[in-house]
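Undergrad: So the number in our numbering is just where the residue sits in the sequence shown, counting from 1, plus 3.
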Amino acid sequence: MPVTPFRLERYFAKHEFSARYLLSASDCESLGMAELLQMAAPASRALWDSLNLAYTESPGHPLLRAEVAKLYERIAPDQVLIAVPEEAIYIAMRSLLSPGDHVVVLSPAYQSLAEIARFMDCSVTPWMLEPTAAGWKLDLGQLEQSLTAQTRLLVLNFPNNPTGYLPARAEFDAIISFARKHQLAIFADEMYRLLESDGALQLPSVADVYERGIALSGLSKSFALPGLRIGWLASQDRQLIERCLEFKDYTTICNSAPAEILGIIALQNTVQIVQRNREIIRANIAIAEQFFNKHRNRVSWVSPKAGSVAFPRWLGTQPVEQFCQSVLEEQATLIVPGNMFDFPGNYFRVGLGRKNFGEVLEHLDEYFAAHK
Ligand SMILES: Cc1ncc(COP(=O)(O)O)c(C=O)c1O
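1. For residue 374, tell me which candidate among 321, 353, 357 has the shortest Cα-Cα distance.
2. Alpha carbon to alpha carbon, how far is residue 44 from residue 6? Give it in angstroms, no decimals.
3. Note down the Cα distance separating residue 269 from residue 32, rounded to an integer number of angstroms.
4. Would you give the residue range spanned by the alpha helix (DSSP H) that residue 211 belongs to?
5. Just tell me which of 12, 30, 24 has its CA closest to the CA of residue 354.
6. State the DSSP-derived secondary structure class of residue 51, mapped to helix, strand or coil.
7. Can residue 295 and residue 315 be called in contact, C-beta distance under 8 Å?
8. Within the continuous beta strand (DSSP E) that includes residue 96, where are the two ends?
9. Around the C-beta of residue 20, are 16 or more other C-beta atoms found within 10 angstroms, so that it is buried, or is it exposed?
10. Extract the residue ranges of the alpha helix (DSSP H) inside the region 298-343, only unbroken runs of 4 or more that lie entirely within it.
11. Three-state secondary structure (DSSP) at residue 103?
12. Quick one: which unbroken alpha helix (DSSP H) runs of 4-plus residues sit fully inside the region 213-270? Chain order, please.
13. Can you check the region 109-172 for any beta strand (DSSP E) of at least 3 residues that lies completely inside it and give the ranges in chain order?
14. Please go through the same chain and pick out, in chain order, the residues whose beta-carbon is closer than 6 Å to the beta-carbon of residue 313, but skip the five residues on each side of it.
15. Distance, Cα to Cα, residue 57 vs residue 309?
16. Have a look at the DSSP bridge pairing and note the partners of residue 352.
17. Can you say whether residue 274 is buried or exposed, counting buried as having 16 or more other CB atoms within 10 angstroms of its CB?
18. Do the CB positions of residue 233 and residue 85 come within less than 8 Å of each other?
19. Expressed to the nearest angstrom, what Euclidean distance is found between the alpha-carbon atoms of residue 336 and residue 360?
20. Can residue 178 be considered in contact with ligand 1, in the sense that its beta carbon sits closer than 7 Å to one or more heavy atoms?
21. Can you find a heavy atom of ligand 1 that lies under 7 Å from the Cβ of residue 394?
22. Between residue 50 and residue 264, how many whole angstroms is the CB-CB distance? I'm expecting something under 8 Å.
23. Answer yes or no: the CB of residue 89 versus the heavy atoms of ligand 1, is any distance below 7 Å?
24. Thinking C-alpha only, which one of 188, 366, 207 is nearest residue 24?
25. Shortest alpha-carbon distance to residue 150 belongs to which of 126, 362, 170, 161?
26. What residues are listed by DSSP as bridge partners for residue 188?
27. Starting from residue 83, follow its DSSP beta bridges and name the residues at the other end.
28. I think residue 299 touches residue 371, with their Cβ atoms under 8 Å apart; what is that distance to the nearest whole Å?
29. Per DSSP, which residues does residue 25 bridge with? Please list them.
30. Flag this pair as yes or no: are the beta carbons of residue 158 and residue 190 separated by less than 8 Å?
31. So residue 236 and residue 267 are supposed to be a Cβ contact under 8 Å. How far apart are they, rounded?
32. Taking the DSSP output, what are the residues bridged to residue 199?
33. Report yes if the C-beta distance between residue 311 and residue 284 is below 8 Å; otherwise report no.
34. Secondary structure at residue 43, three-state DSSP: helix, strand or coil?
35. Distance check for residue 146 and residue 47, CA to CA, integer angstroms please.
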């Protein structure tokens with residue numbers, strides 16, 4: 004099948020660096036190089052100062068894999084493969100799927116989570132999150148109905164981009180039991196894990212609780228370091244990690260040497276970095292609640308349970324794409340409409356991880372004031 008353009012990435016490519024304000028960025032306020040290096044313990048600082056810009060070990064720097072493994076309960080360093088997050092989605096799908104397989108993908112979703120399976124001539128059924136007055140909901144019955152004799156893989160993304168949805172522990176356990184009963188592999192995109200609004204809501208990683216699970220995570224969102232391009236796959240299934248590694252020889256072969264050392268420093272400071280980002284998000288959620296309450300005739304807001312994004316509904320008379328276009332033209336403010344996620348019903352994404360969130364909302368306020 005021909006490659007379909009990645010709508011969200013093309014939209015950002017067109018506007019991200021020309022719009023003055025971003026209301027829909029999914030990452031947290033990026034850390035600076037000096038800020039990160041300041042956190043380095045002497046041994047890691049020495050790794051940085053003596054760094055040789057040679058090729059690196061294909062599965063990832065051993066110290067980096069060891070630091071990643073510490074984030075999990077049942078994952079050893081050799082059950083971790085370092086890769087760029089988007090690359091990791093690609094190589095995992097190529098390793099998990101064959102043409103003709105059927106895949107169920109939690110939706111709305113980051114496009115590649117479904118699209119790569121489509122390129123591979125697999126059939127894809129979205130498992131749709133449903134909006135309710137109390138927030139986003141998942142219906143396990145819908146998953147059951149989607150199942151066919153060809154279903155091989157269930158793709159999850161908790162916390163979800165773009166809705167901020169996170170299931171309760173009992174629902175999560177029921178999903179894992181369902182997958183086990185039907186012998187489905189699970190690809191779990193956990194890029195926004197650790198950013199729960201309340202630590203008690205945090206779910207275990209699929210890599211820890213499911214023997215046929217493979218988890219994706221990385222430094223782009225929860226660690227505020229998207230420019231490092233460091234992510235990883237973790238799975239109890241060593242053969243699967245090995246197949247992904249074989250595939251990586253056809254994508255990047257190995258990772259960037261400086262990024263790996265900076266990644267080690269970041270992971271050695273997980274608590275501090277994640278805490279910083281949670282605080283930014285918590286403060287921005289309070290600002291958003293106040294703002295959207297003031298404008299409740301225009302936007303229906305539900306605060307996310309986890310992650311750095313939310314997906315409110317536009318209540319205005321024109322379609323949400325037109326609203327986003329006119330805010331871009333009049334206020335130089337970029338907003339991502341829900342059609343970028345193939346999701347109907349006039350939703351748009353709000354990013355809660357940036358420090359200038361309040362300032363960006365002032366521009367939306369001006370826009371609303373000019374369009375009474
Ligand atoms: C859910 C999800 N998975 C994966 C990625 C890819 O991460 P990266 O852009 O760092 O490759 C993103 C990026 O927005 C994402 O939102």
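Ideal Cβ positions, reconstructed from N, Cα and C, are used throughout, including at glycine.
Keep in mind it's a predicted model, so treat the numbers as computed, not measured.
TA: So, from the listed chains and residues:
1. 321
2. 44 Å
3. 15 Å
4. 209-212
5. 30
6. helix
7. yes
8. Premise fails: residue 96 lies in the alpha helix (DSSP H), 88-99, not in any beta strand (DSSP E).
9. exposed
10. 323-334
11. coil
12. 241-251
13. 126-131, 133-135, 138-140, 154-160
14. 167, 307, 353
15. 39 Å
16. 339
17. exposed
18. yes
19. 11 Å
20. no
21. The requested residue 394 is not part of the displayed model; the chain covers only 4 to 375.
22. 5 Å
23. yes
24. 366
25. 126
26. 156
27. 237
28. With 8 Å as the limit, residue 299 and residue 371 do not qualify as a contact, their Cβ atoms being about 12 Å apart.
29. 337
30. yes
31. Going by Cβ atoms, the distance from residue 236 to residue 267 rounds to 18 Å, so no, they are not a contact pair.
32. 309
33. yes
34. coil
35. 46 Å
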